[in-house]
Amino acid sequence: MDILANFGVNFYHSPFFSAIKFFLGVYSVVLFADIVLVLAAQVKNKDLIRDIRTTFMGTGLPISAKNKLLKRWEEIQRRLRTGNISQYKVAVLEADSITNEILGVAGYKGENLGEKLEAVTHGQLSKPDELREAHDIRNRIIHEKDFHVDRKLAEDTIKIYEDLLRELEFI
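Under our numbering, the residues of the sequence shown are numbered 2 to 172, in order.
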């Protein structure tokens with residue numbers, strides 16, 4: 002037992018172990034400096050702060066608001082089952098409106114969904130291009146009187162919004 006204890010003491014005081022301690026100390030200082038520099042560079046970019054807050058604290062949507070959102074989403078699904086073209090259009094408009102509200106609650110800036118989607122940076126949402134396309138369909142419904150929306154187009158468009166809301170854990 003004395004041999005093992007003696008070996009441990011000798012190893013602890015050996016130049017090899019001192020070199021390891023020195024290397025790990027320098028490595029720790031460099032790693033800490035890297036973290037500080039990355040955070041300092043991101044302070045100008047408020048997205049990091051918002052993302053960290055959202056990750057740890059959530060978006061702050063009350064349960065009652067979430068229940069209302071779910072009822073609105075059920076109404077959208079009901080509209081899709083009607084077989085009425087005008088109801089398909091209303092369902093797409095309502096899904097776009099809900100998405101706009103949710104992105105606002107999540108901290109995205111902009112007057113409307115189009116502006117909020119323009120502000121999205123790479124990696125914040127999984128399918129921003131599909132969302133822009135869905136929003137373009139909403140704009141065509143609003144601005145083109147003769148724009149035809151069949152059930153498949155409405156379902157595909159609403160599926161894009163639904164995927165986002167599921168990704169953000171609102172439905």
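Heads up, the beta-carbon is just placed ideally off N, CA and C, and yes, glycines get one too.
Treat the numbers as computed from the prediction; the structure is a model and nothing was measured.
Neighbour-count burial assignment, Ala107, 16 or more Cβ in a 10 Å radius: Looking at its Cβ environment, which holds 16 or more other Cβ atoms inside 10 Å, Ala107 is buried.
Cβ-Cβ separation, Thr100 to Leu166 (assumed contact under 8 Å), whole Å: The pair is a contact, with the Cβ atoms about 7 Å apart (cut-off 8 Å).
Helix, strand or coil at Glu102 [DSSP, three-state]: Helix, per DSSP.
Local Cβ density within 10 Å of Ile77, reported as buried at 16 or more and exposed below that: Counting C-beta atoms within 10 angstroms of its own C-beta, Ile77 has 16 or more neighbours from the protein chains shown and is therefore classed as buried.
Pick from Phe18, Lys90, Glu75, Ala41 that is closest to Glu145, judged by C-alpha positions: Out of Phe18, Lys90, Glu75, Ala41, the CA that lies nearest to the CA of Glu145 is found in Lys90.
DSSP three-state assignment for Lys22, whether helix, strand or coil: If DSSP states are grouped into helix, strand and coil, Lys22 belongs with the helices.
Residues near Ile161 by beta carbon distance below 8 Å, same chain, minus five either side: Excluding residues within five positions, the ones whose Cβ falls inside 8 Å are Lys128, Glu131, Leu132, Glu134, Ala135.
Between the CA atoms of Leu25 and Glu95 - distance to the nearest angstrom: Cα to Cα, the separation comes out at about 57 Å.
Secondary structure of His14, DSSP reduced to three states: In this structure, His14 counts as coil in the three-state DSSP scheme.
Whole-number beta carbon distance between Ile159 and Ala92, since they are thought to touch under 8 Å: Contact holds; Cβ gap of about 6 Å.
Every unbroken beta strand (DSSP E) within the segment 89-133, with a cutoff of 3 residues, ordered by chain: Within the segment 89-133, no complete beta strand (DSSP E) run reaches 3 residues.
Nearest residue (CA-CA) to Phe171, options Ile86, Val37, Arg73, Val27: Among Ile86, Val37, Arg73, Val27, the Cα nearest to that of Phe171 is on Arg73.
Test item: CB-CB of Arg152 and Asp97 under 8 Å: Result no, Cβ atoms of Arg152 and Asp97 do not sit closer than 8 Å.
Three-way DSSP call (helix, strand, coil) for Thr83 in this model: Residue state, collapsed to three classes: coil.
Alpha-carbon spacing of Val1 relative to Leu38, whole angstroms: Since the first and last residues shown for the chain are 2 and 172, residue 1 lies out of range.
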